[in-house]
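Chains as they are written, first to last, in the numbering used here: chain A, 1 to 291; chain B, 1001 to 1470.
Take a look at the structure below.
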Amino acid sequence: MKATQSPLFGSVDEVTERLASVGYLASTAVATTVYLADRLGKPLLVEGPAGVGKTELAKAVAASTESGLVRLQCYEGIDEARALYEWNHAKQLLRITAGQGNEDWDATRDDVFSEEFLLPRPLLTAIRREDPTVLLIDEMDKADVEVEGLLLEVLSDYQVSIPEMGTVTATRKPFALLTSNSTRELSEALKRRCLFLHLDFPDPDLERRIVLTRVPELPESLVDSLVRTVRVLRAMELRKVPSVAETIDWGRTLLALGMDTLDDEAVRATLGVVLKHHSDQTKATAELRLN
Amino acid sequence: MTVEAPEHGIPGHLVAFVGALRTHGVAVGPGETVDAAEVITALDLLRRTEFREGLAAALLRRSGQRQVFDTLFDLYFPPALGAATGSIEVPRDGEGGPVDVDRLRDLLADLLRDGDEERLRELARAAVDALGTAGATGTGVQGMNTQPSWSAYQALRLMSPETLLAQIMAALSQPGDDAFTDEVRRREIRDRIARFRQLVQDEVRRRTAEQRGRDQVAKTAVPKQAEQVEFLSAYAEQLAQLRRTVHPLARRLAARLAVRRKHAKRGQLDMRRTLRRSMSTGGVPMKPAYRTRRPGRPELVILCDVSGSVAGFSHFTLLLVQALREQFSKVRVFAFVEKTDEVTHLFEPGAELSGVMQRVLREADLTAFDGHSDYGHALGSFAEHWGEAITSKTSLLILGDARTNYRDPNLTALRRMIGVARHAHWLNPEPRRQWGTGDSAATRYADVIPMHECRTAGQLADVVEALLPV
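Here it is as structure tokens:
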């Protein structure tokens, strides 16, 4: 299997370039780990604060390699039937009723547990796809611990065992990417199977370029002071520090309001875009001498 | 200068590096080491940043481990050997003369103003080479091997980058700047100065490692992970870093607690509701009903020592309790040094908590005579004024090191409080072996009240988790 599958990327630089071509500016850390995950055929676990582009990364990898994106959104109470596969009971019952009288039971039984009555869910879909696939398992930490156990087989061997049918093995390994906000510790067993990437806020230069690609209408000098101010805000002890998404929002707001410099009046008027807690706003106003 | 050639080539070196990570509390299994080896084969080793990120991806499993990793990585895979020459030279009086510190400071000010990290790193390297030798040749006492020992303190004292702040600010200021622009700039420059200090320290660590062997340096000079920093010996920066981990920690505790609760409520049959339900199926209990236990939400009374070194520990614990507020129906906080005073109002939901300890010290009435902790009197005054705060629903938590300056520990008051409260626990940031030494009354208190050792955030989290009701 390994021999037939050619890697998606040829070098670390190629990762950076191709991600950039779809509008995702990757740091060295991101490019290197994506390259390695692809090369070593391992799933990639991305952890980090909200709004630094974890989900975006998966989308960008899919877009840049022209792979299909299969997404499993985790939530509390997600189970096997939602993540792996489910039997289509209603259809099975119909099949049994339809065949009543003119078929023997053995044939019917074999028939109702076949491909036709299987409802594949994201994990199985990703495993069975023949085309290049990016499997995104989003917000893994929201799911219960039991679901992790279920993922182990999928992520380490890229196969799914269905008791009634046998084992489905991937013909083509998907590029698997898990994200987590670290609201809880994931189990060691799961982490051990993955490469780990802690995605933090980008350095100022990168952030500047990100804002410029997202909001190209902004003048560069404004982006510069925007990014610098956000960095200062991040250094404060706030309840919720602004993320990249907030920097971009801020840029859009200033643009919509037609402001071309970031002076204290502009900041005072639009601080609510970056800081979402009242106490944070009060604190920033006082510390940055905005009044 | 000694450069140790590893015994088994790159694999041997990798194993040594992994070993060093393990000694610093980063759990790396053999599986991860094999992954790292695969990473080495897949990457271009000459591109150092990529190599570092690749190793981190294979070896690390948590975000808090990165600092330890980076420091050790610099020791095991140093960016340069010896006094690597860069494009920046230290200005000197004449060829080979003494360093012209004033011109060096001007150069530093320029670089700090522009904020080019690469050039700052080069300057740090050059400056350490020129200024960082304590006891260099011909300057007094020397070691046995006449090798200079490197000192970040000396290099930084001569350059004193902090004093450049005003100069840089003046160079950058433009007419019409408002207070806000000024403040942002000041904070930026201050950040860069701190970063430069860091660079100098990294450089000194690297030079020292070359001289004294890297294992020696790895043992002493690598920062600890936030959760393993001891409260009593932590300095301000470490405590600030620690406080940033409080919310993730609280979330983790709450999640673990939710799991415990889910498991705990299983399997208890509710007879009355089962029988009631069976009415609809003709008296046959088809669907058993289980009893769902409502989580008990105790009232919490916290009594914390806020004097001197214990304050860091008290602050962190109070933040943790605050972050876990949903788990309690009511929280009352009392601070004491010599006397006790209620400070609950400073910990209202939504209150600003980063400078809260200073406010406690400033606003609460805590001292009587000399401002040294007096546990006996504090407990006494608490019982006298707020005795009714403790009821049969209360969980009482006392935070402090029990160093009572040889004064009366007032066990009677404590015993009475414990008698009324539902639970009572004492969290002590001192290592257990120091309990009862000197003026510590810890062992005497421990006879009366269950006392837990909470030296680090990790330990504290475990204790708090065990104390939270299921």
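Every residue gets a Cβ at the ideal spot worked out from N, C-alpha and C, and that includes glycine.
- In its chain, beyond the 5 residues on either side, 16 and 19 have a beta carbon closer than 6 Å to the beta carbon of residue 26 of chain A.
- As computed with DSSP, residue 136 of chain A is found in a beta bridge with A:71 and A:177.
- Residue burial is scored here from C-beta neighbours: residue 159 of chain A has fewer than 16 other C-beta atoms within 10 angstroms and is therefore classed as exposed.
- Around residue 1212 of chain B, the same chain offers no residue with a beta carbon nearer than 8 Å, after the five sequence neighbours per side are excluded.
- Looking at the DSSP output, residue 1305 of chain B bridges to B:1336.
- Around the beta carbon of residue 1082 of chain B, fewer than 16 other beta carbons sit within 10 angstroms, so the residue counts as exposed.
- Within the region 13-72 of chain A, the beta strand (DSSP E) runs of at least 3 residues that lie entirely inside it are, in chain order, 44-47.
- Taking a beta-carbon distance threshold of 8 Å, residue 201 of chain A does not count as an interface residue toward chain B.
- Distance from the Cα of residue 1068 of chain B is smallest, within the candidate group B:1222, B:1330, B:1385 and B:1105, for B:1222.
- Considering only A:75, A:105, A:112 and A:135, the residue with the shortest C-alpha distance to residue 90 of chain A is A:112.
- If you check each beta-carbon in the region 1023-1040 of chain B against every beta-carbon of chain A, the ones closer than 9 Å belong to 1027, 1029, 1031, 1032, 1035, 1038 and 1039.
- For residue 196 of chain A, the uninterrupted beta strand (DSSP E) run begins and ends at 195-198, by DSSP.
- In its chain, beyond the 5 residues on either side, 211, 214, 215, 218, 222, 223 and 226 have a beta carbon closer than 8 Å to the beta carbon of residue 251 of chain A.
- Take the alpha-carbon of residue 129 of chain A and the one of residue 171 of chain A: they are about 8 Å apart.
- Under the DSSP definition of a beta bridge, residue 1428 of chain B partners with B:1453.
- Of the candidates B:1063, B:1062 and B:1049, B:1049 places its Cα closest to the Cα of residue 1077 of chain B.
- Residue 166 of chain A: member of the beta strand (DSSP E) spanning 166-169, first to last residue.
- For a Cβ distance threshold of 8 Å, residue set 1049, 1050 and 1053 of chain B lies close to residue 28 of chain A, ordered along the chain.
- Among the CB atoms of chain B, one or more fall inside 8 Å of the CB of residue 196 of chain A.
- If you look at residue 87 of chain A, you'll find it isn't in any alpha helix (DSSP H); it sits in the beta strand (DSSP E) that goes 85-87.
- Burial is judged here by how many other beta carbons sit within 10 angstroms of a residue's own beta carbon; residue 102 of chain A has fewer than 16 and is exposed.
- For residue 160 of chain A, DSSP records a beta bridge to A:168.
- A direct Cα-Cα distance of roughly 50 Å separates residue 1404 of chain B from residue 264 of chain A.
- One thing to note: residue 1317 of chain B has its Cβ within 8 Å of the Cβ of residue 1399 of chain B.
- Under the 8 Å Cβ criterion, the region 76-96 of chain A does not count as touching the region 48-56 of chain A, having fewer than three qualifying pairs.
- For the region 87-112 of chain A, the set of residues with a beta-carbon nearer than 7 Å to any beta-carbon of chain B is empty.
- Nearest Cα to residue 1201 of chain B within the set B:1389, B:1225 and B:1155: B:1155.
- Residues of chain A with a Cβ closer than 7 Å to the Cβ of residue 1255 of chain B are, in chain order, 183 and 184.
- Going by DSSP, residue 1193 of chain B is part of the alpha helix (DSSP H) stretching over 1179-1212.
- The residue among B:1168, B:1079, B:1132 and B:1070 with its C-alpha nearest the C-alpha of residue 1108 of chain B is B:1168.
- Between the region 5-16 of chain A and the region 1029-1038 of chain B, the count of Cβ pairs shorter than 8 Å is below three; the stretches do not touch.
- Ranked by how close their Cα comes to the Cα of residue 1447 of chain B, the residues B:1066, B:1070, B:1435 and B:1458 have B:1435 in first place.
- Residue B:1379 holds the alpha-carbon nearest to the alpha-carbon of residue 1408 of chain B among B:1416, B:1379, B:1289 and B:1384.
- DSSP places residue 221 of chain A in the helix class (H, G or I) of the three-state scheme.
- Listed in chain order, the positions of the region 42-66 of chain A with a beta carbon within less than 9 Å of a beta carbon of chain B are 42, 44, 45, 47 and 48.
- Any Cβ of chain A closer than 8 Å to the Cβ of residue 1020 of chain B would place that residue at the interface, and such an atom is absent.
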